[in-house]
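Here is the structure we will look at.
There are 2 protein chains.
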Amino acid sequence: MTIATPTRTFDEIAVVLKALADPNRLRILDTLMQGVSCNGELNEWLGLPPNLLSHHLRVLKKAGLITSRRDSVDGRWIYYAVDLDAIALWRTWFGDFFDPDRLQPRCLCGPEGENQTPITNLNLRVSHVTTN
Amino acid sequence: MTIATPTRTFDEIAVVLKALADPNRLRILDTLMQGVSCNGELNEWLGLPPNLLSHHLRVLKKAGLITSRRDSVDGRWIYYAVDLDAIALWRTWFGDFFDPDRLQPRCLCGPEGENQTPITNLNLRVSHVTTN
DNA sequence: AAATTATTTCAACATCCATTGAATTAGTTT
DNA sequence: AAACTAATTCAATGGATGTTGAAATAATTT
């Protein structure tokens with residue numbers, strides 16, 4: 008009964024999803040997926056002002072979705088890149104959580120669900136649910 | 008050059024991700040994944056007040072993630088269920104968007120990226136990017 | 001040292017959003 | 001019709017959030 012993916016609370020998951028749930032951040036992430044980039048280039052590419060980009064990049068970084076490093080020659084440039092491990096992890100999580108095989112279309116309440124076997128804690132996927 | 012998944016703007020995607028980016032809604036969705044359920048049972052199961060549940064269920068429904076129907080015998084009961092097609096669609100989208108194979112770790116700006124081939128519009132995944 | 005470049009930080013604003021308690025609707029039972 | 005039940009709607013509040021313009025850092029170049 009070992010769990011492959013690390014257990015995370017829904018609060019933690021919501022933090023990452025919140026970071027993703029913005030059109031501009033999705034655009035930024037999509038651009039970053041195509042190559043390491045920096046503020047100025049994202050500006051040219053997406054048309055967003057530098058300070059706004061800086062803000063969104065910080066949100067993405069705080070959520071652990073991207074990393075940053077300074078140029079070794081000219082330290083004025085900061086390169087942002089997608090965190091490969093992170094996106095692989097969340098890709099898996101999302102795939103598991105939304106796995107159609109999990110779906111149990113039984114009725115548990117009301118007149119229609121009166122003679123159904125109730126859900127027990129054992130039915131819950133441990134990798135997704137945590138007791139607060 | 009046909010596209011399997013329908014094209015969606017990042018604005019549309021952000022709407023769905025916003026609906027997901029809440030701890031309580033994730034809990035609700037996770038419970039719904041295990042069987043059709045209604046407000047009162049979600050209340051017992053999650054400990055959230057009925058009116059708050061009603062609010063979150065509406066958000067999820069507006070995002071197209073769940074469906075609802077009244078009991079055929081006792082119309083006071085409303086059953087909520089995960090929309091199978093919707094979660095299959097978003098599962099695929101998420102898997103495609105976060106596909107590690109998309110990652111092109113090249114440097115496009117600054118001194119380090121001076122002699123790299125720039126990104127062209129053709130490199131963009133059409134199913135993910137939209138103009139405006 | 002002064003000017004320039006890349007990026008971030010700050011302050012302010014407007015808007016959205018989760019939560020709460022009370023009132024209301026829809027439907028059934030007595 | 002009155003009482004009861006399941007669920008929703010309403011109004012209010014407090015906090016988080018995206019955006020903007022200006023100022024400030026950090027690092028390099030002249």
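Sequence order for the protein chains is U and F.
Take the first sequence: its position 82, counting from 1, is numbered 89 in this note's numbering, and each next residue is one higher.
Take the second sequence: its position 46, counting from 1, is numbered 53 in this note's numbering, and each next residue is one higher.
Backbone N, C-alpha and C fix where the C-beta goes; we use that ideal spot for every residue, glycine too.
Where residue i falls, given that 16 or more other Cβ within 10 Å makes a residue buried
{"i": "residue 61 of chain F", "result": "exposed"}
{"i": "residue 44 of chain F", "result": "buried"}
{"i": "residue 36 of chain U", "result": "buried"}
{"i": "residue 23 of chain U", "result": "buried"}
{"i": "residue 29 of chain U", "result": "buried"}
{"i": "residue 147 of chain U", "result": "The requested residue 147 of chain U is not part of the displayed model; chain U covers only 8 to 139."}
{"i": "residue 26 of chain U", "result": "buried"}
{"i": "residue 58 of chain F", "result": "exposed"}
{"i": "residue 80 of chain U", "result": "exposed"}
{"i": "residue 91 of chain F", "result": "exposed"}
{"i": "residue 133 of chain U", "result": "Residue confidence for residue 133 of chain U is low, a pLDDT of 40 falling below 50, so the modelled location carries little weight; the figure read from the coordinates is stated next. Burial call: exposed."}
{"i": "residue 139 of chain U", "result": "Low confidence applies to residue 139 of chain U: its pLDDT is 37, below 50, so where it sits in the model is not reliable enough to give any reading."}
{"i": "residue 127 of chain F", "result": "Its pLDDT being 45, under 50, residue 127 of chain F is placed unreliably in this model, and the value from its coordinates should be taken loosely. The residue in question, residue 127 of chain F, is exposed, as its Cβ has fewer than 16 Cβ neighbours within 10 Å."}
Nearest-angstrom Cβ-Cβ length linking residue i and residue j, presumed shorter than 8 Å
{"i": "residue 84 of chain U", "j": "residue 118 of chain F", "result": "7 Å"}
{"i": "residue 55 of chain F", "j": "residue 87 of chain F", "result": "With 8 Å as the limit, residue 55 of chain F and residue 87 of chain F do not qualify as a contact, their Cβ atoms being about 13 Å apart."}
{"i": "residue 94 of chain U", "j": "residue 105 of chain F", "result": "5 Å"}
{"i": "residue 101 of chain F", "j": "residue 77 of chain U", "result": "Residue 101 of chain F to residue 77 of chain U, Cβ: 31 Å. No contact."}
{"i": "residue 82 of chain U", "j": "residue 116 of chain F", "result": "Rounded, the Cβ-Cβ distance is 14 Å, inconsistent with contact."}
Counterpart residues of residue i in DSSP-defined beta bridges
{"i": "residue 79 of chain F", "result": "None; residue 79 of chain F has no bridge partner."}
{"i": "residue 45 of chain F", "result": "F:86"}
{"i": "residue 74 of chain U", "result": "U:88"}
{"i": "residue 114 of chain U", "result": "F:43"}
The ligand MG heavy atom lying under 7 Å from the CB of residue i
{"i": "residue 106 of chain U", "result": "With respect to the ligand MG, the structure offers nothing, as it holds no ligand at all."}
(request) Would you check if the region 92 to 112 of chain F and the region 28 to 45 of chain U touch, i.e. whether three or more CB-CB distances between them fall below 8 Å? (result) yes
(message) Please list, in chain order, the residues of the region 59 to 84 of chain U that have any C-beta partner in chain F closer than 9 Å.
(response) 78, 79, 80, 81, 83, 84
(message) Measuring CB atoms only, is the region 26 to 33 of chain U touching the region 13 to 24 of chain F, in the sense that at least three cross pairs come out at less than 8 Å?
(response) yes
(request) Could you name the residues of the region 96 to 109 of chain F whose beta carbon sits closer than 7 Å to any beta carbon of chain U, in the order they occur along the chain? (result) 97, 98, 101, 102, 105, 107, 109
(request) Note down, in chain order, all residues in the region 34 to 54 of chain U with a beta-carbon under 7 Å from any beta-carbon belonging to chain F. (result) 34, 37, 40, 41, 42, 43, 44, 45, 47, 48
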